[in-house]
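Enquirer: Residue numbers (the numbering used here): 552 to 656.
Note that CB positions come from ideal geometry on N, CA and C, so glycine has one too.
Okay, handing you the structure first.
See the structure below:
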């Protein structure tokens, strides 16, 4: 809800490193809500980071995925659940950047 109301979006380009995922979660303005803002319970941030890492890996491994939307994604005290997913596929492009992308730190 906060994402839609605030236009609170963050992006990274795959492949994602652990650091990318860590920074991605913390870069949105609503991030304090994940960590127990105003006495609310903190959510399972490691589960959310795992989901983001897996989606980043999927995007890197499958170039035919042109667009992937997970909405809504609910993160609770224990675990994360994706309630809706939409995938747009395109023809698999010829990748010429594989070496450059794997050398990225």
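Here's the rule I'm using: 16 or more other beta-carbon atoms within 10 Å means buried, otherwise exposed. How should residue 606 be labelled?
Expert: Residue 606 comes out buried.
Enquirer: Using C-beta distances below 8 Å, list every residue in its chain close to residue 628, excluding the 5 sequence neighbours before and after it, in chain order.
Expert: Only 592, 593, 594 and 595 meet the Cβ criterion.
Enquirer: When we look at the beta-carbon of residue 634 and count the other beta-carbons within 10 Å, is it buried (16 or more) or exposed?
Expert: Residue 634 comes out exposed.
Enquirer: I'd like the list of long-range same chain contacts for residue 578, defined as Cβ closer than 8 Å, with 5 residues on each side in sequence excluded.
Expert: Excluding positions up to five away in sequence, the list reads 561.
Enquirer: Taking 8 Å as the cut-off, decide whether the C-beta atoms of residue 559 and residue 581 are in contact.
Expert: Yes.
Enquirer: Identify every residue that forms a DSSP beta bridge with residue 552.
Expert: Beta-bridge pairing links residue 552 to no other residue.
Enquirer: Determine the contact status of residue 603 and residue 638, defining contact as a CB-CB distance below 8 Å.
Expert: No, Cβ-Cβ distance for residue 603 and residue 638 is not below 8 Å.
Enquirer: Locate the beta strand (DSSP E) running through residue 598, then write down its first and last residues.
Expert: Element bounds for residue 598: not the beta strand (DSSP E) but the alpha helix (DSSP H), 596-612.
Enquirer: Taking all protein chains shown into account, do 16 or more other C-beta atoms lie within 10 angstroms of the C-beta of residue 609, making it buried, or fewer, making it exposed?
Expert: Result: exposed.
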